[in-house]
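Asks:
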Amino acid sequence: MNVPRKAMWKASASSDVPSHAIDDRYATIWVSDPAEKPWLEIDLGVVATLGGLEIYWGHRSAREYTFAGSLDSEAWTNLCATRHGEGGQEVFGFPPAEARFVRWSCENPERRPGPEIVEINLYGPADAVSTLEEGRITALGHAPVRLAAGESITVDLGYVRSVVGTLVEWGEAYGTDFSAYLSDDGKVFRELGRITTGEGQTDSFWWPYAASRYIRLTVHAASAPDGAVVNELKLRILDRDRMPIGQLERAARAGRGDLYPQSLLGRQVYWTVLGEFEQTEEALFDEYGNLEPRRGSAQIMPLLRVGAKLIGAPASEQIRCSLESGSLPIPSVIWSALDIEIRATALAHAGQALVEYRIVNHSGAPRDAALVLAVRPVQINPYWQHGGHTLIDAICVEGREVRVNDRVHAAFSRDPDVVTVADFDNGDVVRLVENGARATDRSLRSESGLLSAALEFAFSLPPGASDAVIVAAPRQESVSPDASVAFSAVCESVADGWRRRIGPRRITVGDREVTETVEAQTALILVNATRFAFKPGPRNYDRVWIRDGSAQALALLWAGLIDEAKAFVLWYSKRICANGMVPPILNEDGALNHGYGSGIEFDAQGEFVGIATQVYRISKDRAFLAAIFEPVVRATRFIEELCAQTNALHGPESRFHGLLPRSISHEGYGGPTYSYWDDFFALSAWRNCEYLANEAGERETAARANVRGQEFAANLARSLRLTAEFLGRGLIAGSADRGDIDPTSTSIAFEPCRVEDVLPHELLQATYDLSVARIKSISAPEFEGGFVPYAIRNLNAFVSLGRFEDAFHLLALALDCRRPRNWRHWAEVVWSPPRTPRYIGDMPHTWVGAEFATAIRRMLVRENGRTLELFRAVPDQWWEGEGIRLQKLPTTFGVVDLQARRANSTAIVELALTGPSPDRVTIRYSAARRALADGRPCDIDGDVISSACFSTLAIDY
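The C-terminal position of the sequence shown is numbered 1072 in the working numbering, with every residue numbered one higher than the one before it.
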């Protein structure tokens, strides 16, 4: 029998309102409670023949779940299942099966907040997805399929859909060479990706949004003579066609684009973050002056009315973004139209996001204008960033407050003159107010989830005059917004608070872009942070990684925030497992995160030991050393257990012998890999452990760490050479098994690990020539594609290798890919052209920012044992103006104060240290003819000046 209409279905569940999952409304959601085994059961009313299904997820989805069918709700048969749930829309197919009851279930042993199901659709065989090859439908979540070399699984989606990739879970036999294809007609296929180094487990394909009806996986070669086994072929399909976000996108495309959030037009939007230190709730503020007060909340969008004409920021010829004092987290956006300017300045204060929208009349005559604030059911975080639509099913404007879904969303400094509230009807509220103000009832409810409102504030401005509306939006439930504040006074107070919090500007050079970008990272790290933990982002990466956190802690340590870095290390040290494993990911509250990678990211061992060591080197705090010493030793010794796992599989003759096991620590790999990234961190752990043990007077532990470190270094150096010989390309590989070349991953051997002595010296230059070629490619005007600013860490390698011009070119590229550049931060991924609607990770991404800040510090100041190295790589521009200044900069030699200027063929460097004097100070300065340190002649070797510690150094050039 055919599947009956949804009106005939009934649903029951472990919690909430189960009918929301089958009501054919894509704005209602069934929310599972945090049960151990949440479930939802559908009764079709009659027995029907099923052939496939779809599930649409809300903001939370299940990673592993099952659908089963039954005739009587007693005996159940598996229909489909996955271990790779990713949210959005997930599509399954299976052989025809009769069922009256269909049951969804998942395991949630930790009782975390349950998943959200927007809608479940069940289909008969004629309407479900199918495969062109008979019998292979089972690969779509039902049962394994074996493919001989040259064979394919071709999925017919039934109609053209937005397809962005596939995931393949392999069985015991797997594809070693395989491709993914798309086709519009099932006859002519275009290859979207090919993997030629398959190693089993899972493989992923992602590609730019593409519309297609057919998806094909073809195995060209397999690990076994009789072919590969596909346990599951997962389809990655965008869900926006039926979801509310699709309706909003269609309305934006049909209307005037400048009046809508630009993400609805498929254009990347960039934002910054508003927050207070030691508070977890952050607001987003974008480059057009739009505000998203809380995670997943509706955005407030400023529009300008001049006469009857309504204008949005994207229509302005120029949009200027800036930060208070160039680096403090108080962003501004300025744009104008018809000689009327909007200045939007935003900040976080007292649990609120405050924005002043100031209207300025730049014309020579009196002007009437209006600020229109549109409340839209759209997040600033775009759809392709797991944001997009947010439900609004109730709006009410009462006096100076607007309530969204019966909660105060924002308050205003004055009453709006006109209020318009609208349900969606091929457009949102803008369709009613585009050509003039229009008043409606001030309250509305609807199950569409697409309500919107426009609040209009009129102004009559003499020439040169201005007036403002202040918006106060709570960043957390407990805060009552207050917009009746003196905004300029609050802004000054918040700026002063940030300056006191981060201290004086530690690094100043003649290039303002560098100076302000370095300092901005300190405040942004604190904004993203919780009380003890450093997160790399405000939305998608709202968790704590030791990898990201250790880099951010180092940036704060070197920026003088020593107590904050200590607190992070101590907090993390209490969460190291009994066997010494360092959890790579923690939740904000410190609980172990069980997401993908939680047990197979082994760089965590060296990263924890490394940041603990750095904090001690700077602070020399004996109490801190006593607190972290045992966790450090435990974490380091766990490396032995990890190496034993590898050695159980690979004998001493193998290039894998002595390395850490396969992991997914390295961000660039789709599956577990013998990544040298992990090994560099592990070697640094042994050496850092030896240092701390000697400091603690634990000679036996120090001796053990020394022996193990030497053994590990020998194995690692041997493996690097064997892999290079195996590849036969004269290059250093990024991993022992994949044989890829990845200079960005190799660079950590220089910094922060300081283990570059294991790298085959004769292969270094050729390896980093590839990095230079990549920099040139990305910098070319015609470049289209994506890259990650993590390449900033190559600055350290270039400087260590003496490739200064290459370092300066990379520095210029890094500064150029800030978006917007005057907000002084980066996303995790950069795309060109800049408006490409692709996943950018999160922003501001403060791991990337930390890498930049610490790399600049190393270019200026670096401790090398008992030697203080200054100006290792200084572009000529840094000497301009007032030159180079270091103020209260922490080092292992105490706090450094330095002033360096040059004029009339002489450079003067003034240096003061508060700690033990270094045995030697080196300064790199090109074309130095003579140098006097406190009147004493200095040694000059090429471009390096060497001296005992000094107060004043004079360099003639």
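Here a beta-carbon is modelled for each residue, glycine too, at the ideal position from N, C-alpha and C.
Secondary structure at H135, three-state DSSP: helix, strand or coil?
Replies: Residue 135 sits at position 20 when you count from the first residue of the sequence shown. The answer is helix: DSSP assigns H135 an H, G or I state.
Asks: Among G173, R1017, A604 and Y324, which residue has its Cα nearest to the Cα of T505?
Replies: For this step, residue 505 is matched to residue 390 along the sequence shown. For T505, the nearest C-alpha among the options comes from G173.
Asks: Which same chain residues end up closer than 6 Å to S127 when comparing Cβ atoms and leaving out the 5 residues on each side of it in sequence?
Replies: Residue mapping note: residue 127 aligns to position 12 of the sequence shown, counting from 1. Cβ within range, chain order: P133 and E156.
Asks: Given a cut-off of 8 Å on the beta-carbon distance, is the pair F739 and V730 in contact?
Replies: Residue 739 sits at position 624 when you count from the first residue of the sequence shown. Residue 730 sits at position 615 when you count from the first residue of the sequence shown. Yes, they are a contact pair.
Asks: Note the first and the last residue of the continuous beta strand (DSSP E) segment covering D582.
Replies: Position 467 of the sequence shown holds residue 582. Start and end: S581 to P589.
Asks: Compute the Euclidean distance between the alpha carbons of L807 and Q720, then round it to the nearest angstrom.
Replies: As a working note, residue 807 is residue 692 in the sequence shown. As a working note, residue 720 is residue 605 in the sequence shown. Near 15 Å, if we compare the C-alpha coordinates of Q720 and L807.
Asks: Check whether the Cβ atoms of E281 and G313 lie closer than 8 Å to each other.
Replies: Here residue 281 refers to the residue found at position 166 when the sequence shown is read from its first residue. Here residue 313 refers to the residue found at position 198 when the sequence shown is read from its first residue. Contrary to the premise, residue 281 reads as Thr rather than Glu in this sequence. It is not a contact, given that the beta carbons lie outside the stated cut-off.
Asks: Output the distance between the C-alpha atoms of C511 and A525, rounded to the nearest integer angstrom.
Replies: By one-based count along the sequence shown, residue 511 stands at place 396. By one-based count along the sequence shown, residue 525 stands at place 410. Straight-line Cα distance between these residues: approximately 11 Å.
Asks: So what's D991 in DSSP terms, helix, strand or just coil?
Replies: Within the sequence shown, numbered from 1, the residue matching residue 991 stands at position 876. DSSP places D991 in helix when its eight states are reduced to three.
Asks: For W941, which three-state DSSP category applies?
Replies: Stepping through the sequence shown from its first residue, residue 941 is reached at position 826. W941 falls in the coil class under three-state DSSP.
Asks: Ignore the nearest five residues each way along the sequence and tell me which others in P224's own chain have a CB closer than 8 Å to its CB.
Replies: If you number the sequence shown from 1, residue 224 lands on position 109. Closer than 8 Å at Cβ, skipping near neighbours: E151.
Asks: Under three-state DSSP, which class holds I847?
Replies: Here residue 847 corresponds to residue number 732 of the sequence shown, with the count starting at 1. In the structure shown, I847 sits in coil (DSSP, three-state: anything other than H, G, I, E or B).
Asks: Buried or exposed: P746, going by 16 or more other Cβ atoms within 10 Å of its Cβ?
Replies: One-based indexing of the sequence shown puts residue 746 at position 631. P746 is buried by the Cβ-count criterion.
Asks: I need the straight-line Cα distance from I455 to N476, nearest angstrom please.
Replies: Reading the sequence shown from its first residue, position 340 is the one you call residue 455. Reading the sequence shown from its first residue, position 361 is the one you call residue 476. Approximately 5 Å, taken between the alpha carbons.
Asks: Using a Cβ-Cβ cut-off of 6 Å (strictly less than) and excluding sequence neighbours within five positions of F913, which residues of its own chain qualify?
Replies: Against the sequence shown, residue 913 aligns to sequence position 798. Once the five neighbours on either side are set aside, the close Cβ partners of F913 are D921 and A922.
Asks: In angstroms with no decimal places, state the Cα-to-Cα distance between L676 and I617.
Replies: Mapped onto the sequence shown, residue 676 falls at position 561. Mapped onto the sequence shown, residue 617 falls at position 502. Using only the alpha carbons, I get a separation of about 7 Å.
Asks: Given this structure, state the Cα-to-Cα distance separating V600 from E234, to the nearest angstrom.
Replies: As a position in the sequence shown, residue 600 is number 485, starting the count at 1. As a position in the sequence shown, residue 234 is number 119, starting the count at 1. For V600 and E234, the distance between alpha carbons rounds to 44 Å.
Asks: Are the CB atoms of L565 and P492 nearer to each other than 8 Å?
Replies: By one-based count along the sequence shown, residue 565 stands at place 450. By one-based count along the sequence shown, residue 492 stands at place 377. Taking 8 Å as the Cβ cut-off, L565 and P492 qualify as a contacting pair.
Asks: If the criterion is Cβ atoms closer than 8 Å, does the pair A668 and A680 meet it?
Replies: As a working note, residue 668 is residue 553 in the sequence shown. As a working note, residue 680 is residue 565 in the sequence shown. Contact flag set, yes.
Asks: What does DSSP give as the partner residues of L576 in its beta bridges?
Replies: Reading the sequence shown from its first residue, position 461 is the one you call residue 576. The partner list for L576 (beta bridge, DSSP) reads R482.
Asks: Examine the Cβ distances between the stretch 924-934 and the stretch 301-308 and report whether three or more of them are shorter than 8 Å.
Replies: With the cut-off at 8 Å, the stretch 924-934 and the stretch 301-308 do not touch.
Asks: Mark T788 as exposed unless 16 or more other C-beta atoms lie within 10 angstroms of its C-beta, in which case mark it buried.
Replies: What you label residue 788 is simply residue 673 of the sequence shown in a count that begins at 1. When all chains shown are included, T788 counts as buried.
Asks: Measure the alpha-carbon distance for L1026 versus N803 and round it to whole angstroms.
Replies: The residue you call residue 1026 lines up with position 911 of the sequence shown. The residue you call residue 803 lines up with position 688 of the sequence shown. Roughly 29 Å between the two C-alpha positions.
Asks: At a threshold of 7 Å, does R836 count as lining the ligand MN (C-beta to nearest heavy atom)?
Replies: Of ligands this structure carries none, so the ligand MN is not represented either.
Asks: Ignoring anything shorter than 4 residues or poking outside the stretch 728-800, list the alpha helix (DSSP H) runs there in chain order.
Replies: Segments of the alpha helix (DSSP H) lying fully in the stretch 728-800: 737-762.
Asks: My understanding is that T253 touches V244, with C-beta atoms under 8 Å, so please give their C-beta distance in whole angstroms.
Replies: What you label residue 253 is simply residue 138 of the sequence shown in a count that begins at 1. What you label residue 244 is simply residue 129 of the sequence shown in a count that begins at 1. 12 Å between Cβ atoms; not a contact.
Asks: Using the Cα positions of S734 and F683, report the straight-line distance between them to the nearest angstrom.
Replies: If you number the sequence shown from 1, residue 734 lands on position 619. If you number the sequence shown from 1, residue 683 lands on position 568. Each residue's alpha carbon lies about 14 Å from the other.
Asks: Rounded to a whole number of angstroms, what is the C-alpha to C-alpha distance between A423 and Q433?
Replies: The sequence position of residue 423 within the sequence shown is 308, counting from 1. The sequence position of residue 433 within the sequence shown is 318, counting from 1. Cα to Cα, A423 sits roughly 22 Å from Q433.
Asks: Does the distance from the C-beta atom of L389 to that of A343 stay below 8 Å?
Replies: Start at 1 with the first residue of the sequence shown, and residue 389 comes out as number 274. Start at 1 with the first residue of the sequence shown, and residue 343 comes out as number 228. No, the pair does not count as a contact, with Cβ atoms beyond the cut-off.
Asks: Compute the Euclidean distance between the alpha carbons of V161 and G710, then round it to the nearest angstrom.
Replies: Walking along the sequence shown from the start, residue 161 turns up at place 46. Walking along the sequence shown from the start, residue 710 turns up at place 595. The alpha-carbon atoms of V161 and G710 are separated by roughly 39 Å.
Asks: What number of angstroms, rounded off, separates the C-alpha of R752 from the C-alpha of R615?
Replies: Against the sequence shown, residue 752 aligns to sequence position 637. Against the sequence shown, residue 615 aligns to sequence position 500. Distance between the alpha carbons of R752 and R615: 41 Å.
Asks: Thinking just about the alpha-carbon of each residue, which of E391, N346 and A489 is nearest to the one in G406?
Replies: As a working note, residue 406 is residue 291 in the sequence shown. Looking at the sequence shown, residue 406 is not Gly but Leu. Closest by alpha carbon: A489.
Asks: Looking at the secondary structure, which residues open and close the alpha helix (DSSP H) in which W154 lies?
Replies: Here residue 154 refers to the residue found at position 39 of the sequence shown. Run containing W154: none in the alpha helix (DSSP H); it sits in the beta strand (DSSP E), W154 to W172.
Asks: Mind checking whether T969 and W673 have CB atoms under 8 Å apart?
Replies: As a first step, residue 969 must be located in the sequence shown, where it is residue number 854. As a first step, residue 673 must be located in the sequence shown, where it is residue number 558. Yes, they are a contact pair.
Asks: Within 10 angstroms of the Cβ of N643, are there 16 or more other Cβ atoms? Answer buried if so, exposed if not.
Replies: Along the sequence shown, one-based indexing puts residue 643 at 528. Result: buried.
Asks: Taking only three categories from DSSP, how would you classify D1054?
Replies: As a first step, residue 1054 must be located in the sequence shown, where it is residue number 939. In this structure, D1054 counts as strand in the three-state DSSP scheme.
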